[in-house]
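Undergrad:
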Amino acid sequence: MCKTMQVIVDRERDDAEVARSKKIAWNMWKNGEHELDKIAETTLLSAEQVREAITRK
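Quick note on the working numbering: the sequence shown kicks off at 7 and runs consecutively.
#1: Going by alpha carbons, who is nearest to L51 out of N37, D20 and G38?
#2: Once DSSP output is grouped into helix, strand and coil, what is the label at E39?
#3: Which residue from V13, G38, W32 and D16 puts its Cα closest to that of T49?
#4: Taking a contact to mean a Cβ-Cβ separation below 8 Å, would you say A53 touches A46 in this structure?
Rendered as structure tokens:
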């Protein structure tokens, strides 16, 4: 695989991982966990990414 293709594949894999973590963050929020720091720690997201996840839905 050429370097450009590898970069694209890696970026898509990273984006998919963040999307899954945001889904988990949303589910945690929906199920009563409202401490952003705790959600961020559990999902390995930044607090800002957690905010995005819970305000987007």
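Where a beta carbon is used, it is the ideal one built from N, C-alpha and C, also for glycine.
TA: Checking against the coordinates, here is how it stands:
#1: D20
#2: coil
#3: W32
#4: yes
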